[in-house]
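A.B. asks:
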Amino acid sequence: MSLYWRIFLLNACVLAVAVALLLGPVTVSTPVLFGEALILLGGLAAMLVITAALLKVGLAPLARLNRAMANADLLKPGARPAVTGDGEIAALTQTFNAMLDRLEAERATSSGRVLTALEAERKRIAQELHDEIGQTLTAVLLQIKHAADQAPEPVRTDLRQAQETTRTSLDEIRRIARRLRPGVLEELGLHSALRSLAAEFTTPRLGATAHITPGPPHLDPAAELVLYRVAQEGLTNAVRHSGATRVEVHLRPLPRGGVTLLVRDNGHGLGEASEGAGIRGMRERALLIGAELVVEAGAHGGTQVRLDIREATATADDAIPETTRAPR
Numbered sequence: 001m002s003l004y005w006r007i008f009l010l011n012a013c014v015l016a017v018a019v020a021l022l023l024g025p026v027t028v029s030t031p032v033l034f035g036e037a038l039i040l041l042g043g044l045a046a047m048l049v050i051t052a053a054l055l056k057v058g059l060a061p062l063a064r065l066n067r068a069m070a071n072a073d074l075l076k077p078g079a080r081p082a083v084t085g086d087g088e089i090a091a092l093t094q095t096f097n098a099m100l101d102r103l104e105a106e107r108a109t110s111s112g113r114v115l116t117a118l119e120a121e122r123k124r125i126a127q128e129l130h131d132e133i134g135q136t137l138t139a140v141l142l143q144i145k146h147a148a149d150q151a152p153e154p155v156r157t158d159l160r161q162a163q164e165t166t167r168t169s170l171d172e173i174r175r176i177a178r179r180l181r182p183g184v185l186e187e188l189g190l191h192s193a194l195r196s197l198a199a200e201f202t203t204p205r206l207g208a209t210a211h212i213t214p215g216p217p218h219l220d221p222a223a224e225l226v227l228y229r230v231a232q233e234g235l236t237n238a239v240r241h242s243g244a245t246r247v248e249v250h251l252r253p254l255p256r257g258g259v260t261l262l263v264r265d266n267g268h269g270l271g272e273a274s275e276g277a278g279i280r281g282m283r284e285r286a287l288l289i290g291a292e293l294v295v296e297a298g299a300h301g302g303t304q305v306r307l308d309i310r311e312a313t314a315t316a317d318d319a320i321p322e323t324t325r326a327p328r
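Residue 275 in the UniProt record's numbering sits at position 275 of the sequence shown, and the numbers go up by one each step.
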C-alpha cells in the first residue's frame with residue numbers, strides 16, 4: 001500500500017470512529033451544554049494525539065532516510081540506511097543506496113584519473129626543476145665562483161655571499177623536486193622512503209621518527225604511493241598546524257593481512273577545525289585503492305592519521321629493523 005493511502009485510511013478510521021460516537025452515545029444539544037463541549041474537546045484532542053502518533057510511526061522510515069541523506073559523504077563510503085518493509089519508502093531507500101553506490105564508484109574512477117594526472121604533472125615539474133632550473137643555477141654558481149676567484153677583495157666578499165645564496169636556492173629547488181617526485185620511493189622502496197621522509201621533516205623544533213615493524217607485506221606501486229603521500233601530508237600538517245614537537249610514523253602489518261600506516265603527533269589536536277584540502281586529498285587517495293582513512297584525536301593528545309589497507313598479498317620481509325630513528 002502506498003504512503004498516500006496508508007495516511008488517508010488512518011485518518012479515515014479516526015474520523016469514522018468520531019462520527020460513530022456522535023451518532024451513538026454522544027449527542028450535541030442546541031445550545032451546546034458545558035458537559036457536551038468538554039466531551040467534544042476531549043474527543044478532538046484524542047483525535048489529534050492518535051493522528052500525530054500514527055503519522056510519526058508511518059513517517060519514521062522517511063525521517064531515517066532524510067537523516068541518511070543529510071549525513072551522506074562520498075569521502076566516507078560504506079554507510080547505508082537500512083531498508084525496512086516493502087512499500088514506497090523501502091523502494092526509495094533502495095534507490096538512494098543504489099545512487100550512492102554509483103556516485104562512489106564514479107568518484108573513485110574520476111579521483112583515480114585526477115590523481116594519476118596529478119602525479120604525472122608532479123613528475124614533469126620535478127624533472128624540469130632538476131634538469132632546467134637546477135642546471136641553470138649550477139652554471140650560475142660556477143660562474144660566480146670563477147668571478148670571485150679573480151675579483152679584488154672588496155668585490156670578492158659580495159660574490160661569495162651571492163654564491164652562498166645561489167647554492168641555498170639550488171638546494172631548495174632540489175628539495176622541492178624530491179617532494180614533487182619521490183625518487184627514493186621508486187629506487188629504494190617504501191621503507192627507505194618513509195625513513196627519508198621523516199629525516200627530511202626533522203628540524204631543531206620537531207623530532208620526526210619512523211618505526212617499521214618487521215613483517216609488512218610488499219604492496220603494489222599504487223598502494224605504496226598512497227602510503228607515501230598520506231605520510232607526507234600527515235607530516236606536513238603536523239609541521240604547519242599542530243604546533244607539535246614530536247611526530248611518529250609507524251608502518252606495521254595487520255593481523256589478517258594488509259598493512260596500516262599511523263602518523264601521530266603531540267600537538268594541540270584537531271579542535272573544532274573542519275577538514276581542509278589536505279585531509280580531503282588523503283581521503284580521495286585512500287578511496288583510490290579501497291583503503292580506510294581515519295583522522296582522530298590521539299589517545300594522549302595531539303592528532304593521529306591512520307590508513308588501513310586491508311587486502312594486500314605480500315611476502316613478509318623480516319630483514320627490516322624494528323625501529324629506525326631519523327637522523328637530525
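Ideal Cβ placement from N, Cα and C applies to all residues, glycine included.
On the DSSP bridge list, what partners appear for Glu296?
C.D. replies: Paired residues: Gln304.
A.B. asks: To the nearest angstrom, report how far apart Ala223 and Thr165 are at their CA atoms.
C.D. replies: Approximately 39 Å between the Cα atoms of the pair.
A.B. asks: Taking the alpha-carbon of Gly215 as reference, which of Pro253, Leu190, Val305, Leu287 has the nearest alpha-carbon?
C.D. replies: The shortest C-alpha separation from Gly215 is found at Pro253.
A.B. asks: Work out the CA separation of His130 and Leu225 for me, nearest whole Å.
C.D. replies: For Leu225 and His130, the distance between alpha carbons rounds to 21 Å.
A.B. asks: Please state the DSSP three-state secondary structure of Ala244.
C.D. replies: Looking at Ala244 - three-state DSSP - the assignment turns out to be coil, as it is neither helix nor strand.
A.B. asks: Taking all protein chains shown into account, do 16 or more other C-beta atoms lie within 10 angstroms of the C-beta of Ala70, making it buried, or fewer, making it exposed?
C.D. replies: Exposed.
A.B. asks: Checking the sheet assignment: what are the DSSP bridge partners for Ile309?
C.D. replies: Per DSSP, Val259.
A.B. asks: For Ala208, write down the residues that DSSP places opposite it in a beta bridge.
C.D. replies: Paired residues: Val247.
A.B. asks: Considering only their Cβ atoms, is the gap separating Arg80 from Asn66 smaller than 8 Å?
C.D. replies: No, Cβ-Cβ distance for Asn66 and Arg80 is not below 8 Å.
A.B. asks: Alpha carbon to alpha carbon, how far is Leu293 from Leu270?
C.D. replies: Distance between the alpha carbons of Leu293 and Leu270 is about 16 Å.
A.B. asks: Apply the 10 Å Cβ neighbour rule to Ser256 and answer buried if 16 or more other Cβ atoms are within range, or exposed otherwise.
C.D. replies: Inspection of the sequence shows that residue 256 is occupied by Arg rather than by Ser. When all chains shown are included, Arg256 counts as exposed.
A.B. asks: Would the stretch 242 to 253 and the stretch 197 to 217 be scored as touching if the rule is three or more Cβ pairs under 8 Å?
C.D. replies: Verdict: yes, contact present.
A.B. asks: From Pro221, Ala91, Asp265, pick the residue whose C-alpha is nearest to that of His300; which is it?
C.D. replies: That would be Asp265, whose Cα lies nearest to the Cα of His300.
A.B. asks: Using 7 Å as the cut-off, classify the Cβ of Leu65 as near or not near the heavy atoms of the ligand MG, replying yes or no.
C.D. replies: In the structure on display, the ligand MG does not appear, and there are no ligands present to speak of.
A.B. asks: Where does Arg264 fall in DSSP's three states?
C.D. replies: Strand, per DSSP.
A.B. asks: Is the CB of Val114 under 8 Å away from at least one CB in chain C?
C.D. replies: In summary, chain C is missing from the structure at hand, where a single protein chain is found.
A.B. asks: So what does DSSP say about Arg113, is it helix, strand or coil?
C.D. replies: Three-state DSSP puts Arg113 in a helix.
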